[in-house]
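Student: Encoded as structure tokens, here's the structure I'll be asking about.
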Amino acid sequence: MLDHHQRGERQRLALMSRLLDPMHRRHIEELGAAQAGARTLEVGCGNGSMSAWLAGQVAPGGQALAVDLDLSLAGTEAPGLAYRQGDILAGPVQPGGFDLVTARAVLHHVGDAATAVANLVASARPGGAILLIEPDFLPVSVAEPADVRAFWAGWLAWSREQGIDYFIGRKLPGMLAGRGLAGVTATAETVLYRGGSPWAGYWRETVIELRGRLLASGHLDDRLIGAFLNQCQEPKWWTQTIAFTAVAGHSPGPASR
């Protein structure tokens with residue numbers, strides 16, 4: 153949906169890393185799967201910030217592989233970090249090759265999430281850990297005031313036409329359990345933020361990048377988009393962001409090390 157070559161995309165990805173990397177790192181630390189000597193895989197690496205951190209966690213002797221359809225913004229470098237261009241729908245990155253496989257904010261954009269999940273799981277070694285983090289839009293869909301709620305309704309109507317599933321987070325536990333993963337756990341967390349905050353800035357940048365496409369869809373007009381952008385600059389306005397759902401489990405096989 154957001155091509156890496158669009159104006160402002162580097163800045164938007166950097167802000168996304170700032171907002172979501174701490175949560176992502178915390179879940180990986182809880183899994184205990186990124187130990188010295190381990191091999192990790194991140195699919196949909198974006199600017200590479202998470203994979204660079206993983207490379208530091210698995211040193212010495214480990215390797216972090218970062219995969220994306222488009223590596224043009226993956227500028228973060230670190231010892232033990234390698235990048236590879238690839239499509240997770242095409243097959244496993246390396247069957248049974250990784251101690252940890254993770255993806256964040258990827259599956260809601262792909263055309264066949266079930267195939268992507270199957271290929272992610274197949275990329276983990278027996279007993280390896282899988283961690284997927286995806287959105288559930290529910291908190292945002294009931295936002296106030298009325299103009300903001302109407303904006304999000306239009307956004308969701310547009311996204312459905314694009315094949316985007318903003319409610320995939322709640323489906324992932326069943327998808328992983330259905331692939332035979334052991335010990336599947338799932339949590340969802342959201343953030344309350346105010347106008348002028350980094351989260352508000354993230355949404356402003358995203359909407360500004362997509363404004364032309366949103367208008368062309370017919371689901372939103374200038375008034376509603378303007379009302380939302382204005383609220384994002386209003387410090388007295390508090391609202392809630394997406395519920396990010398983190399789902400983890402272990403590939404069938406021996407217990408992870």
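Under the numbering used here, the residues of the sequence shown are numbered 153 to 409, in order.
Heads up, the beta-carbon is just placed ideally off N, CA and C, and yes, glycines get one too.
This one's a predicted model, so the numbers in the text were calculated from it and none came from an experiment.
1) Any chance the region 338-346 sits against the region 384-392, with 3 or more Cβ pairs inside 8 Å?
2) Would you tell me roughly how many angstroms separate the C-alpha atoms of P244 and G189, rounded to the nearest one?
3) In chain order, what are the residue ranges of uninterrupted alpha helix (DSSP H) at least 4 long that sit wholly in the region 200-242?
4) From this set, R365, M202, L362, which residue's C-alpha is nearest A255's C-alpha?
5) With which residues is V262 paired in a DSSP beta bridge?
6) Can you tell me whether DSSP reads V253 as helix, strand or coil?
7) Which partner residues of G280 appear in the DSSP bridge assignment?
8) Taking only the alpha-carbon atoms, compute the straight-line gap between L165 and W355 and give it to the nearest angstrom.
9) Whole-angstrom Cβ separation of A234 and A226, contact assumed at under 8 Å?
10) Is the distance from the Cβ of S403 to the Cβ of G279 below 8 Å?
11) Can you round the beta-carbon distance between M327 and A230 to whole angstroms, since I take them to be within the 8 Å contact cut?
12) Tell me whether the region 279-299 and the region 367-374 touch, counting them as touching only if at least three CB pairs, one residue from each stretch, are closer than 8 Å.
13) I'd like to know whether the C-beta atoms of L171 and W310 end up nearer to each other than 8 Å.
14) If I follow the unbroken beta strand (DSSP E) through L344, where does it start and stop?
15) Would Q187 and V210 be called neighbours here (beta carbons separated by less than 8 Å)?
16) Which of the three DSSP states, helix, strand or coil, is assigned to D288?
17) Give the list of continuous alpha helix (DSSP H) stretches no shorter than 4 residues that lie fully inside the region 328-399.
18) Residues in its own chain within less than 7 Å of G315 by CB, not counting five upstream and five downstream?
19) Between which two residues does the alpha helix (DSSP H) carrying R178 extend?
Tutor: Once the coordinates are examined:
1) yes
2) One-based indexing of the sequence shown puts residue 244 at position 92. One-based indexing of the sequence shown puts residue 189 at position 37. Roughly 21 Å separates the two Cα atoms.
3) 201-210
4) Taking the sequence shown and counting its residues from 1, the one referred to as residue 255 is at position 103. Per the Cα distances, M202.
5) Here residue 262 refers to the residue found at position 110 when the sequence shown is read from its first residue. Note: V262 sits in no beta bridge, so no partner.
6) Locating residue 253 in the sequence shown gives position 101, where the first residue counts as 1. Strand at V253.
7) Residue 280 sits at position 128 when you count from the first residue of the sequence shown. BP columns for G280 are empty, so no partner.
8) As a position in the sequence shown, residue 165 is number 13, starting the count at 1. As a position in the sequence shown, residue 355 is number 203, starting the count at 1. Rounded to the nearest angstrom, the two C-alpha atoms are 12 Å apart.
9) On the sequence shown, residue 234 is found 82 positions in, with the first residue counted as 1. On the sequence shown, residue 226 is found 74 positions in, with the first residue counted as 1. Between A226 and A234 the Cβ distance is about 11 Å, and since that is not below 8 Å, they are no contact.
10) Taking the sequence shown and counting its residues from 1, one reaches residue 403 at position 251. Taking the sequence shown and counting its residues from 1, one reaches residue 279 at position 127. Against a cut-off of 8 Å, the Cβ pair of G279 and S403 comes out as a contact.
11) Taking the sequence shown and counting its residues from 1, the one referred to as residue 327 is at position 175. Taking the sequence shown and counting its residues from 1, the one referred to as residue 230 is at position 78. Not a contact, Cβ separation roughly 31 Å.
12) no
13) Mapped onto the sequence shown, residue 171 falls at position 19. Mapped onto the sequence shown, residue 310 falls at position 158. Going by C-beta atoms, L171 is not nearer than 8 Å to W310.
14) Walking along the sequence shown from the start, residue 344 turns up at place 192. Where L344 is concerned, the enclosing beta strand (DSSP E) stretches over 344-346.
15) In the sequence shown, counting from the first residue as 1, residue 187 sits at position 35. In the sequence shown, counting from the first residue as 1, residue 210 sits at position 58. Taking 8 Å as the Cβ cut-off, Q187 and V210 qualify as a contacting pair.
16) If you number the sequence shown from 1, residue 288 lands on position 136. Of the three classes helix, strand and coil, the one that applies to D288 here is strand, per DSSP.
17) 350-369, 374-383
18) On the sequence shown, position 163 is the one that residue 315 refers to. Here the set comprises G263.
19) By one-based count along the sequence shown, residue 178 stands at place 26. Counting along the chain, the alpha helix (DSSP H) containing R178 begins and ends at 161-183.
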